[in-house]
Every structure is written in C-alpha cells, then in structure tokens.
Amino acid sequence: MKKGKKLYEGKAKIIFASAEKNLVIQHFKDDATAFNNQKKANIEGKGILNNRISEHILSALKDVGIENHLIKRLNMREQLIDLAEIIPIEFIVRNIVTGSLTKRLGIEEGTILNKPLIEFCYKNDQLGDPLVSREHIDVFGWATLSELNLITDQCLRINDFLQGMFRGINIKLIDFKLEFGKRKSDGKIILADEISPDTCRLWDADTDKKLDKDRFRKDLGDVVEAYQEVARRLGILHEQVSNVRPIKFPKPTAVKIKKK
Ligand code: UDP
C-alpha cells in the first residue's frame, strides 16, 4: 500500500494518506508521553506491540458486531483504517478505582465498582483533558445526545467483551479509554483510535502486577516486557519484536482487594 502525505501527527501515532478513497494509514510510534506531555520517552518496540495488540482486539470486536475503523494491518507498524472525524471526547470506562478518579474523589484505590463507570473528558492538551458532562457535549455540539447514547451503549458492550477476553488470560481490566469518530464514507459513528496497554490498565489477576502504561508513568521499568506479556497471553506474539528478553513473573501471591 503506497503511503501518501502525513495528515496528522499525535503523541503516539501518525496518520498518513493512502491510495484508497476515505481510507488512511495509522502508524504506531515508539514514543510515550504522560502527565499531559511533561514526561516523554522512546520505548523501543512499543509501537509494534500496540499495532499487533490493537489489531487483535479491534478484529475481535468486529467479529462480535462492534464496528470500528480497522480495515487491516499492513505491516509491523501500520494499519489501514477508515478515515473518521474524531469526536473530541475521551470515553473512559472504569471497573476498579485507580488513577485520576482516586485523586479527584478520594475513593480508595482498588475499590471495585458495583457497575462500570463511564466518564467523558474533553480532548484538549492545553486544558489537560478536563472532565465534562453529557450536557457540555450536547451544548458545545461535540456529539448529539442520541450519538452519545449510542456511544455509551457501545462502551458498555466493549467493556463486557474486553473484561471476558482479558479474564480468559488471567488479566484484570481495571479501566480504559475509547475514542469514537464519524466515518467519512457513510457518516456512521464508529469506534476509532487504538485499544492497547497504552490506553488500558491491565493487572495480572494473581499478583496485581501492572501490564500497561502505568509502568512508564510510575517508572516501574520493564515497559516493553509487560506489553510483550500481554501480547504473548493473547496468543499473538509469534515473532520477536525487539531484542528484549521475555519477562519473568514471580509466583502468584494472594492479593486483597477491598470490596465496597
Ligand atoms: N487514558 C488514556 N489516555 C488519556 C487519559 C487516560 O488512554 O489521555 C486511559 C488510561 O490509560 C487509563 C484510563 O484511561 O487506562 C483512565 O485514566 P485516568 O483518568 O485514571 O488517567 P490518569 O490516572 O492516567 O491521569
């Protein structure tokens, strides 16, 4: 597939034009950022792993009827995707309390929510992606209320599916972020962006070991090794993606999680 000009460069991905009408190429970089761009690093192999993991998850979601932008993976770092106009909202889905929710509301880390919580954040780096309400989204025209209902319904379906998928490989899905967009070809609202350890919190079910971007955010080390472990458990790591050694996990120990 011939790659056209660069259309957009984000923190972890680049979008290029493709030869096909209404399709673009999504390129996964090794760059990692956290804390609103204040922390930056290049993590060799991360982009390759996220490309594979996101391809796997989005294909599985398509198989269960959740439409998304993925057409096909093109190579180690690139995917062909539908061109979509991204809704400027991050849809955060939470099953267990951690991260910004702990700080914002003072709720104890590890609290298991009695039902999934969906939060909306306005995608704006300068403002630090502030939390907004359905009413903000409606009044400022970022999405209509009927589009929002459709999206939140999809968020819950995606959460159900992903929780089951990860439970099957002994991983707890703590929380994650989704983005949706309006597909250029037909105007339909579809799931876009990526689903990977960059955008999910994934904990080993026995040890609560973090297998996601928090290893970078919190300087825990072994970032690529943790992403590799997720790919390995998903059964998609058939080739060596970098020269790092496979991660060695400690023997499982009992972990207590406080139930509210
Ligand atoms: N998240 C993301 N991109 C963002 C913000 C959050 O992918 O710009 C993901 C993050 O990885 C986590 C979930 O959304 O899985 C909830 O993040 P939280 O609001 O707790 O943010 P943080 O603690 O990172 O500030």
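Be aware that the sequence shown starts at 1053, since it is given in our numbering, and climbs by one per residue. Heads up, the beta-carbon is just placed ideally off N, CA and C, and yes, glycines get one too. Quick caveat: nothing in here was measured; it's all calculated off a predicted structure.
field: Residue interval of the beta strand (DSSP E) (run including Glu1061)
entry: 1055 to 1061 is the extent of the beta strand (DSSP E) around Glu1061.
field: Uninterrupted beta strand (DSSP E) stretches inside the region 1122 to 1151 (no shorter than 3 residues)
entry: Given a length threshold of 3 residues, each whole run of the beta strand (DSSP E) inside the region 1122 to 1151 is given here in chain order: 1122 to 1125, 1130 to 1134, 1136 to 1138, 1141 to 1148.
- request: Put Gly1239 into one of helix, strand or coil per three-state DSSP.
  value: Residue state, collapsed to three classes: coil.
query: Grouping DSSP H, G and I as helix and E and B as strand, with all else coil, what is Asp1274?
result: Residue state, collapsed to three classes: coil.
- prompt: Asp1266 and Arg1253 look like a contact to me (Cβ under 8 Å); what is the Cβ gap, rounded to whole Å?
  reply: Right, the Cβ-Cβ distance comes to about 6 Å (below 8 Å), so this counts as a contact.
message: Can you determine whether any heavy atom of the ligand UDP sits closer than 6 Å to the C-beta of Lys1229, and answer yes or no?
response: Yes.
query: Say the cut is 6 Å; is the CB of Gly1062 nearer than that to a heavy atom of the ligand UDP?
result: Gly1062: no, Cβ never under 6 Å from the ligand UDP.
- prompt: Quick one: what does DSSP say Ala1069 is sitting in, helix, strand or coil?
  reply: Under the three-state reduction of DSSP output, Ala1069 falls in the strand class.
- request: Please determine, among Phe1143, Ser1198, Thr1154, the residue with the shortest C-alpha to C-alpha distance to Glu1171.
  value: Relative to Glu1171, the option among Phe1143, Ser1198, Thr1154 whose CA is nearest is Phe1143.
query: Within 6 Å: the Cβ of Gly1151 and any heavy atom of the ligand UDP?
result: Yes, Cβ of Gly1151 sits closer than 6 Å to a heavy atom of the ligand UDP.
task: Name, in chain order, the residues that DSSP records as bridge partners for Arg1253.
output: Arg1253 is bridged to Asp1227.
query: Pick from Glu1281, Ser1248, Ser1152, Ala1257: whose alpha carbon is nearest that of Ala1084?
result: Nearest option by C-alpha distance: Ser1248.
query: Could you check where the beta strand (DSSP E) with Asp1084 kicks off and where it finishes?
result: The residue you asked about is not Asp; residue 1084 is Ala in the sequence shown. Run containing Ala1084: 1083 to 1086, per the beta strand (DSSP E) assignment.
message: Please report the straight-line C-alpha distance between Asp1376 and Val1191, rounded to a whole angstrom.
response: No answer is possible for residue 1376: the residues shown for the chain start at 1053 and end at 1312.
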